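Before any comments, here is the structure.
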Amino acid sequence: MQLHPEAGKGQFEIVLGYIDCGRAANNLISTDEVIKGIARKHGLLASFTPRYHTNNVHLGSYADFSDDDVGSGSHVHIGLFKNGKNIFMASGEANRYGMSVIGESFMAGILDHLRSLCVFTIKELPVRACCPPGASNGVVTNFEMKIFDVCANPYLGLASIIIAGIDGMRRKLPIPQPVEPHSYDFDWNNEDIKLPWSLTDAIINMDSDKWFNDMLCKEFIWTRGGVVGVRYKF
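Numbering (UniProt numbering), first residue to last: 1 to 234.
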């Protein structure tokens, strides 16, 4: 585990170590509970709130927070391993993006189902590949999912990411060109590249996503849509 200060007031970033998805979800829940419990013991409140809204803050101790303050995410770094070997990164000389064909297809599947994933993960920013210090020849060892925050159920969120990635491998989807934020001319009128503006929009996308309906079954999709729809209205 790593801990260092972040950009928000009294904010820290906690980095949990790599482990398989099931135990990673367990560790996230345990870490959340331990931190909140210790904070309460000392008369403090630990919050992982994605966004502050001043009209919902009633305690004087929160008077310094505003709508412009930095919220908290729960970003996920994902690699693919087989028999203990990282198969997400390119083997030998790196290809154009430093990822294996399997890695590219897995990420392409996630990008293809990104709007449906928002039902399980809550939206923020999309996806970026990661080339950590020490990686040679531009090899990419993992990628980061930034549409994930602590409001999400980590078990459903990680499962939905895996389901989307599997579809990419199954269909051998090619990965699109990367976006360079400083040079990208974004077309705000192009509905095909927008993430949902709300959970309601995400539910609509999920309902029409045949792969998610096939993998998770329509009954579960219907139930999930009902649960998050009620939570959103609440």
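Note that CB positions come from ideal geometry on N, CA and C, so glycine has one too.
The structure presented is a predicted model; accordingly, all values stated were derived computationally and were not measured.
Do Phe148 and Val76 count as a contact pair if the criterion is CB distance below 8 Å? Within the sequence shown, the letter at position 76 stands for residue 76. Within the sequence shown, the letter at position 148 stands for residue 148. Against a cut-off of 8 Å, the Cβ pair of Phe148 and Val76 comes out as a contact.
Counting beta carbon pairs with one atom in the segment 33–45 and one in the segment 104–111, are three or more of them shorter than 8 Å? The segment 104–111 makes no contact with the segment 33–45; the number of CB pairs closer than 8 Å stays below 3.
Apart from the five residues just before and just after Pro154, which ones in its own chain have a Cβ nearer than 6 Å to its Cβ? Counting from 1 along the sequence shown, the entry for residue 154 is found at position 154. Residues of the same chain with a CB within less than 6 Å of the CB of Pro154, apart from the 5 flanking positions on each side, are Ala25 and Leu28 in chain order.
Hey, which unbroken runs of the alpha helix (DSSP H) at 4 residues or more fall wholly within the segment 89–115? 101–112
What residue does the beta strand (DSSP E) around Pro5 start on, and which one ends it? Translated into the one-based positions of the sequence shown, residue 5 becomes position 5. Its beta strand (DSSP E) spans residues Gln2 to Pro5.
Around the C-beta of Ser74, are 16 or more other C-beta atoms found within 10 angstroms, so that it is buried, or is it exposed? Taking the sequence shown and counting its residues from 1, the one referred to as residue 74 is at position 74. Buried.
CB-CB under 6 Å to Phe234, same chain, minus the five flanking residues each way: which ones, in chain order? Numbered from its first residue, the sequence shown carries residue 234 at position 234. Any answer about Phe234 is weak, because its pLDDT of 46 lies below 50 and its placement is not dependable; what the coordinates show is given next. Result list for Phe234: empty, nothing under 6 Å.
Inter-residue Cα distance where the pair is Val15 and Val139: In the sequence shown, the residue the question calls residue 15 occupies position 15. In the sequence shown, the residue the question calls residue 139 occupies position 139. Cα-Cα distance, rounded: 22 Å.
Is DSSP giving Phe120 helix, strand or coil here? Here residue 120 refers to the residue found at position 120 when the sequence shown is read from its first residue. Helix, per DSSP.
Rounded to whole angstroms, what's the CA-CA distance from Ile204 to Pro196? Just pull it up for me. Locating residue 204 in the sequence shown gives position 204, counting from the first residue. Locating residue 196 in the sequence shown gives position 196, counting from the first residue. Computed Cα separation, rounded: 9 Å.
Out of Gly17, Gly10 and Thr31, state which residue places its alpha-carbon closest to the alpha-carbon of Val150. By one-based count along the sequence shown, residue 150 stands at place 150. Ranking Gly17, Gly10 and Thr31 by Cα distance to Val150 puts Thr31 first.
Report the residue from Lys172, Phe143, Ala202 and Lys210 whose alpha carbon sits nearest the alpha carbon of Pro178. As a working note, residue 178 is residue 178 in the sequence shown. Ranked by Cα distance from Pro178, the first of Lys172, Phe143, Ala202 and Lys210 is Phe143.
Are the segment 96–103 and the segment 204–221 touching by the rule of at least three beta carbon pairs closer than 8 Å? Counting Cβ pairs under 8 Å, fewer than three are found: no touch.
Quick check: what's the CA-CA separation for Gly60 versus His4? Here residue 60 refers to the residue found at position 60 when the sequence shown is read from its first residue. Here residue 4 refers to the residue found at position 4 when the sequence shown is read from its first residue. With a pLDDT of only 42 at Gly60, under the threshold of 50, the placement of this residue in the model should not be trusted, and no figure is reported.
Nearest-angstrom Cα separation, counted from Leu158 out to Leu45: Walking along the sequence shown from the start, residue 45 turns up at place 45. Walking along the sequence shown from the start, residue 158 turns up at place 158. Taking the straight line joining both Cα atoms gives about 27 Å.
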